[in-house]
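Numbering (our numbering), first residue to last: -14 to 430.
Structure representation (structure tokens):
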């Protein structure tokens, strides 16, 4: 099948590469000349394990192309996927200007029947607005051309997106007629060989499903972070509590790890957008408000622990940070806990020496060159002369470090662990003062 995808960001590139991998003819359209030039040189503008090889393979096979020409895109694909960004507006609602701009562009160049599919995460009712934008543009042209609009939200985890797409646990499809449903079933047939994973529903339910999924996962994280605060005050160990409740199959172990707060491009934005949508229909979503408030507070917990150890005046102090991306296996720093912590440290007069396996370039892009930030070549280098180590992202190569080396390089043997990677008793026996999330602090020997 011929597929056009508007937007060559995270969702668009993964979707395009995976659809091409099973034999479809995919054309990705973007308005950013720099990005299209990179992709046509074989470079990939985002970090996602395996994506560069998948794109290269399908470009070489002629199944995946990239262009700035929107007219070519409209002419190419029966399926017109909209996969552009929906950043939060000032009031927390999703900004649909890019989605609607694509809809108008499709309307300008439409010559024959097309299926327009919202892949972007969008508020309930967006399909109606897309349909309206296309119809308005067609009316201005004096044209009457049939088209359908559907919803097909992504459920991709950064760092595991290719596996999620190629072996999905569900494929949600929202349509308003059986023909569109069956055409989308045919497109996704290669991903359904073992059993049918397509869940067909009306468009509004499909749009809400994506927000509901992310809000549910964010709620689990904030609930555990709230419990971690309580556990610290009661002298309980939140990690033991986690194991105790996770063994209940009604709860499970996924997304109940306490930490320094969630970030990324989805959870913060989608919780806010769903809360805003509820407000627009006259409902106060108190739980969603609490989920967001707890998360914002949790992102400050590491700084609070640092101040409790070193005092409020941090002038002259240097802190080693391990991890800058919001989660492992990505370079995405949107709403990352590391950014909150670094900015708090700088405001208090401290310096930061940081290392991340893949997010160093992104950090430079965000913060540029500054005297109070040193980006180090490796994790041990970040420790040199620092007053303490702060672990912010749970990369696998941070899980079993050389603690003797850490102790020898730090001015003081102090670790702040925002992801509970280490054994408090072990570090106490080694003479390292260890501060984690929701666990009693143990005196060092």
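The C-beta atom is built at its ideal place from N, Cα and C for all residues, glycine as well. The model shown is predicted, which means the values in this text are computed figures rather than measured ones.
{"Query": "What's the call for residue 420, buried or exposed, on a 16-neighbour Cβ count within 10 Å?", "Result": "buried"}
{"Query": "Mapping the DSSP letters down to three states, classify residue 152 as helix, strand or coil.", "Result": "coil"}
{"Query": "Which one of 171, 166 and 222 has the shortest CA to CA distance from residue 422?", "Result": "222"}
{"Query": "Ignore the nearest five residues each way along the sequence and tell me which others in residue 160's own chain have a CB closer than 6 Å to its CB.", "Result": "135 and 166"}
{"Query": "Check each candidate in 329, 205, 92 and 112 and name the one with the smallest Cα separation from residue 127.", "Result": "92"}
{"Query": "How many angstroms separate the CA atom of residue 196 from the CA atom of residue 235?", "Result": "21 Å"}
{"Query": "If you count every other CB in all the chains shown that lies within 10 Å of the CB of residue 18, and 16 or more means buried, which is it?", "Result": "exposed"}
{"Query": "Exposed or buried, what is residue 69 when buried is set at 16 or more other beta-carbons lying within 10 Å of its beta-carbon?", "Result": "buried"}
{"Query": "Assuming residue 337 and residue 306 make a contact with CB atoms under 8 Å, what is their CB distance in whole Å?", "Result": "6 Å"}
{"Query": "At a cut-off of 6 Å, is residue 277 close to the ligand GDP when judged by its beta-carbon and the heavy atoms of the ligand?", "Result": "The model depicted lacks the ligand GDP and carries no ligand whatsoever."}
{"Query": "Among the candidates 30, 415, 9 and 183, whose CA atom is the shortest distance from the CA of residue -2?", "Result": "30"}
{"Query": "Inspect the CB distances between the region 42 to 52 and the region 21 to 29 and report whether three or more fall short of 8 Å.", "Result": "yes"}
{"Query": "Identify every residue that forms a DSSP beta bridge with residue 133.", "Result": "100"}
{"Query": "In terms of residue numbering, what span does the alpha helix (DSSP H) encompassing residue 115 cover?", "Result": "111 to 126"}
{"Query": "Please classify residue 378 as buried or exposed, where buried requires at least 16 neighbouring CB atoms within 10 angstroms.", "Result": "buried"}
{"Query": "Any contact between the region 149 to 158 and the region 174 to 189? By contact I mean 3 or more CB pairs, one from each, below 8 Å.", "Result": "yes"}
{"Query": "With a floor of 4 residues, list each alpha helix (DSSP H) that falls wholly inside the region 324 to 366, ordered by position along the chain.", "Result": "345 to 352"}
{"Query": "Residue range of the beta strand (DSSP E) that residue 419 falls in?", "Result": "418 to 420"}
{"Query": "Determine the extent of the beta strand (DSSP E) in which residue 13 is found, giving its start and end residues.", "Result": "10 to 14"}
{"Query": "I think residue 372 touches residue 303, with their Cβ atoms under 8 Å apart; what is that distance to the nearest whole Å?", "Result": "6 Å"}
{"Query": "In terms of residues, what are the limits of the alpha helix (DSSP H) holding residue -9?", "Result": "That residue, residue -9, is in no alpha helix (DSSP H); its beta strand (DSSP E) goes -13 to -9."}
{"Query": "Note the first and the last residue of the continuous alpha helix (DSSP H) segment covering residue 202.", "Result": "188 to 219"}
{"Query": "Can you check which of these residues, 349, 324 and 106, is closest to residue 67 by C-alpha distance?", "Result": "106"}
{"Query": "Straight-line CA distance for residue 16 to residue 415?", "Result": "55 Å"}
{"Query": "Looking at the structure shown, is residue 0 part of a helix, part of a strand, or coil, going by DSSP?", "Result": "helix"}
{"Query": "Using alpha carbons as the reference points, say which of 113, 141 and 145 lies closest to residue 132.", "Result": "113"}
{"Query": "Can you list, in chain order, the residues of its chain with a C-beta nearer than 8 Å to that of residue 295? Leave out the 5 residues immediately preceding and following it.", "Result": "302, 372 and 373"}
{"Query": "Using the DSSP secondary-structure output, state which residues sit across from residue 257 in a beta bridge.", "Result": "Bridge partners of residue 257: none, in fact."}
{"Query": "When you compare only the Cα positions, how much space is there between residue 119 and residue 263?", "Result": "27 Å"}
{"Query": "Tell me which residues share the same chain as residue 245 and place their Cβ nearer than 8 Å to its Cβ, disregarding the 5 neighbours each side in the sequence.", "Result": "283, 284, 286, 287, 322, 326, 377, 403, 404 and 422"}
{"Query": "Provide the residue(s) that pair with residue 158 in DSSP beta bridges, ordered along the chain.", "Result": "185"}
{"Query": "To the nearest angstrom, report how far apart residue 401 and residue 142 are at their CA atoms.", "Result": "27 Å"}
{"Query": "From residue 258 to residue 77, what does the alpha carbon distance come to, in whole angstroms?", "Result": "6 Å"}
{"Query": "Quick check on the DSSP output: the beta strand (DSSP E) that includes residue 178 runs from which residue to which?", "Result": "Where residue 178 is concerned, there is no enclosing beta strand (DSSP E), given that its DSSP letter is neither H nor E."}
{"Query": "Less than 7 Å separating the beta-carbons of residue 83 and residue 12?", "Result": "no"}
{"Query": "Tell me which residue opens and which closes the alpha helix (DSSP H) that residue 404 is part of.", "Result": "Residue 404 -> no alpha helix (DSSP H), and no H or E assigned at all."}
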